[in-house]
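A.B. asks:
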Amino acid sequence: MSILIYFSLGLYKTKYKSLLIGVNGSISVIFCMSFPFTVFSGYIYDLRILPFIITILYGGVRPGLFVALVLLLYRYLLGGSGFVVTSFCYIPIFLFTAVFVRFYAELSKTKVITFGTLLASVSALFVTVGSIIKSDEAILQHLSFFVYYCLTLMTCTWITLYMIETIKDNVKMREEIHRSEKLNVLGELAATIAHEIRNPLTVSKGFIQLMKSRVNNETDLKYSTLALEEIDRAESIVSEYLMYAKPQADKTEQIHIKKLFHNVLQIIEPYITSHGHILNYKIEDALYIHADAKKFTQVMINLMKNAVEAMEHSGQLTIHVYGGQYDVVIEISDTGTGMTKEQLSRLGVPFYSTKDKGTGLGLMVCYRIIEALEGTIQVESTKGVGTKFSIAIPKAAEPMESR
Ligand code: ADP
Ligand code: MG
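So the sequence shown is numbered by the working numbering: it starts at 1 and just counts up by one.
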């Protein structure tokens, strides 16, 4: 209940998030302790450990201490024997959880749930040890207590963590959708601006051509030629951009890989060099695939952009394209930050991004497009060394007219 209330009231958005988690946990602890249940006489169960652990995991150490304080105070008020022994049980549980919480944020959803549940079983063990110390029942009795208690606690922890993680995922997804909608609007705006830039470019080009035909000294001729070249370049960048900004239906065709890369590199090379990186490429000729040129270009640009973003300074981006027996293989390597196994396993998952302004959609799009082409993407990466994306796409025959 308290978790649902926490999320549905949007409390996670507020400044006092940790405080609210602490208060939430304390209320849950009081409820748990007020309504315990007895399975066999002498052993009273309750699930107070659960809100205690959850508070530390999601709120941090300070709210955890707050809940511990409330828990002990309430335990004291309830009276009964063994207050001191019980209190001591919570110290190792607290320490264990506090250490665990350092690694918690980096784990994937399944691991978070699994480790959290294991943590609950360890806590159950400490509580049982506590109850062994304070009573003198037969050891067998304690064993069945432990089994019941441990299973109940683990089940409840699993359900709780699963719920929290699922809701968190949904919340994140909603925020990301919001953001990508904003990006969409920005993309449209950019397309409009790009379109508007074309007209003044055309006019300038016309006048410079006119001037060029009238100049009669070397230097002016050189300058006007340069100016024209640069305007041509600006024009081609604008038109390329407009081509990719508009969503369009699939149009598969025979693609000459080398020609396509020529265009791709023209767009992306200034981006790479302006970030201070070096571009190396080796592209075999006479390779063809069947694909939608625009979509395929998008894949290449997304991958190269990621590579550039992964490198800090004077990195090397290497593109190697060659023909295998049945496939065309494209390798894009960078000398960037690289990824851990954990990060690798999450690639292509929508909205997974480690960047502040990332969308986490780039790779998802790449994976989908390559999948549709019946190709494969493989990633090798070493943290701190670099990353290599290898794409294999079925070869197509050389078109008739070019033979
Ligand atoms: P975005 O670029 O918006 O973050 P992507 O889907 O393109 O989204 O990439 C997802 C994540 O994958 C990135 O945030 C980054 O952590 C990781 N990544 C992708 N390519 C590389 C790379 N070449 N080197 C290191 N990390 C990468
Ligand atoms: Mg990206």
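Where is the CB? At the ideal position from N, CA and C, for every residue including glycine. This structure is a prediction, so every number in the text was calculated from the model and none was measured.
1. The ligand MG: which residues have Cβ under 5 Å from any of its heavy atoms, chain order?
2. Straight-line CA distance for Arg403 to Gly336?
3. Could you pull out every residue in the same chain whose Cβ sits closer than 6 Å to the Cβ of Phe7, ignoring the five residues on either side in sequence?
4. Assuming Glu253 is part of the beta strand (DSSP E), what are its boundary residues?
5. In the DSSP assignment, find the unbroken beta strand (DSSP E) run with Ala291 in it and report its ends.
6. Measuring CB atoms only, is the segment 57-74 touching the segment 11-18, in the sense that at least three cross pairs come out at less than 8 Å?
7. Can you name, in chain order, every residue of its own chain whose Cβ lies under 7 Å from the Cβ of Gln205, other than the five neighbours on each side?
8. So, for Pro350: in the same chain, excluding its five sequence neighbours on each side, which residues have a beta-carbon less than 7 Å away from its beta-carbon?
9. Between the C-alpha atoms of Glu106 and Ile113, what's the straight-line distance to the nearest angstrom?
10. Taking the C-alpha atoms as reference points, what is the distance between Ile177 and Val299?
11. Between which two residues does the beta strand (DSSP E) containing Phe389 stretch?
12. For Pro200 and Arg346, what's the separation of their Cα atoms in angstroms?
13. Using the Cβ count rule (16 or more neighbours within 10 Å means buried), how would you classify Arg48?
14. Using three-state DSSP, classify Ser135 as helix, strand or coil.
15. How many Å lie between Val308 and Ser314 at the Cα?
16. Could you name the residues of the same chain whose beta carbon sits closer than 6 Å to that of Asn280, not counting the 5 residues immediately before and after it, in chain order?
17. Helix, strand or coil, according to DSSP, for Phe262 in the structure here?
18. Taking Cβ to Cβ, would you say Thr340 is nearer than 8 Å to His290?
19. CB of Gln343 to nearest heavy atom of the ligand ADP: below 7 Å?
20. Is there at least one non-hydrogen atom of the ligand ADP closer than 7 Å to the beta-carbon of Gly336?
21. At a cut-off of 7 Å, is Leu317 close to the ligand ADP when judged by its beta-carbon and the heavy atoms of the ligand?
22. Excluding the 5 residues preceding and the 5 following Glu374 in the sequence, name in chain order all residues of the same chain whose CB lies nearer than 8 Å to its CB.
23. Express the C-alpha separation of Gln325 and Gln343 in angstroms, rounding to a whole number.
24. Please state if the CB of Val321 and the CB of Leu287 are separated by a distance shorter than 8 Å.
25. What is the DSSP secondary structure of Asn199, reduced to helix, strand or coil?
C.D. replies: Working from what's here:
1. Every residue passing the under-5 Å Cβ criterion appears here: Asn306 and Gly362.
2. Here residue 403 corresponds to residue number 403 of the sequence shown, with the count starting at 1. Here residue 336 corresponds to residue number 336 of the sequence shown, with the count starting at 1. A caution first: Arg403 carries a pLDDT of 49, below 50, which makes its placement in the model too unreliable to give a value.
3. Taking the sequence shown and counting its residues from 1, one reaches residue 7 at position 7. Taken in chain order, the residues that qualify are Ile167.
4. Here residue 253 refers to the residue found at position 253 when the sequence shown is read from its first residue. Here the beta strand (DSSP E) through Glu253 covers Thr252 to His256.
5. Locating residue 291 in the sequence shown gives position 291, where the first residue counts as 1. It spans Tyr288 to Asp292 - the beta strand (DSSP E) in which Ala291 sits, taken as one unbroken run.
6. Contact holds: three or more Cβ-Cβ distances are below 8 Å.
7. Here residue 205 refers to the residue found at position 205 of the sequence shown. According to the sequence shown, residue 205 is Lys rather than Gln. Here the set comprises Leu228 and Ile231.
8. As a position in the sequence shown, residue 350 is number 350, starting the count at 1. If we look at Pro350 and ignore the five residues flanking it on each side, its Cβ neighbours are Gly360, Leu361 and Met364.
9. For the purposes of this step, residue 106 is taken as residue 106 along the sequence shown, with counting starting at 1. For the purposes of this step, residue 113 is taken as residue 113 along the sequence shown, with counting starting at 1. Going from the Cα of Glu106 to the Cα of Ile113 covers about 13 Å.
10. Mapped onto the sequence shown, residue 177 falls at position 177. Mapped onto the sequence shown, residue 299 falls at position 299. Rounded to the nearest angstrom, the two C-alpha atoms are 21 Å apart.
11. To locate residue 389, count along the sequence shown from 1; it is residue 389. Phe389: member of the beta strand (DSSP E) spanning Gly386 to Pro394, first to last residue.
12. In the sequence shown, the residue the question calls residue 200 occupies position 200. In the sequence shown, the residue the question calls residue 346 occupies position 346. About 45 Å.
13. Counted from its first residue, the sequence shown places residue 48 at position 48. A residue is called buried once 16 or more other Cβ atoms fall within 10 Å of its Cβ, and Arg48 is buried on that count.
14. Counting from 1 along the sequence shown, the entry for residue 135 is found at position 135. Residue state, collapsed to three classes: coil.
15. The sequence position of residue 308 within the sequence shown is 308, counting from 1. The sequence position of residue 314 within the sequence shown is 314, counting from 1. Roughly 10 Å between the two C-alpha positions.
16. One-based indexing of the sequence shown puts residue 280 at position 280. If the five residues before and after Asn280 are omitted, its C-beta is found closer than 6 Å to the C-beta atoms of Thr318, all from its own chain and listed in chain order.
17. For the purposes of this step, residue 262 is taken as the residue at position 262 of the sequence shown. In the sequence on display, residue 262 carries His and not Phe. The answer is helix: DSSP assigns His262 an H, G or I state.
18. As a position in the sequence shown, residue 340 is number 340, starting the count at 1. As a position in the sequence shown, residue 290 is number 290, starting the count at 1. Contact: no.
19. Taking the first residue of the sequence shown as 1, we reach residue 343 at position 343. Because some heavy atom of the ligand ADP lies under 7 Å away, the Cβ of Gln343 counts as near it: yes.
20. Taking the first residue of the sequence shown as position 1, residue 336 is located at position 336. For the ligand ADP, at least one heavy atom lies less than 7 Å from the Cβ of Gly336.
21. If you number the sequence shown from 1, residue 317 lands on position 317. In this structure, Leu317 has its CB at a distance of at least 7 Å from all heavy atoms of the ligand ADP.
22. Taking the sequence shown and counting its residues from 1, one reaches residue 374 at position 374. Cβ within range, chain order: Ile393 and Pro394.
23. As a working note, residue 343 is residue 343 in the sequence shown. As a working note, residue 325 is residue 325 in the sequence shown. Their backbone Cα atoms lie some 31 Å apart in a straight line.
24. Here residue 287 corresponds to residue number 287 of the sequence shown, with the count starting at 1. Here residue 321 corresponds to residue number 321 of the sequence shown, with the count starting at 1. In this structure, Leu287 places its C-beta atom within 8 Å of the C-beta atom of Val321.
25. Numbered from 1 along the sequence shown, position 199 holds the residue referred to as residue 199. Three-state DSSP puts Asn199 in a helix.
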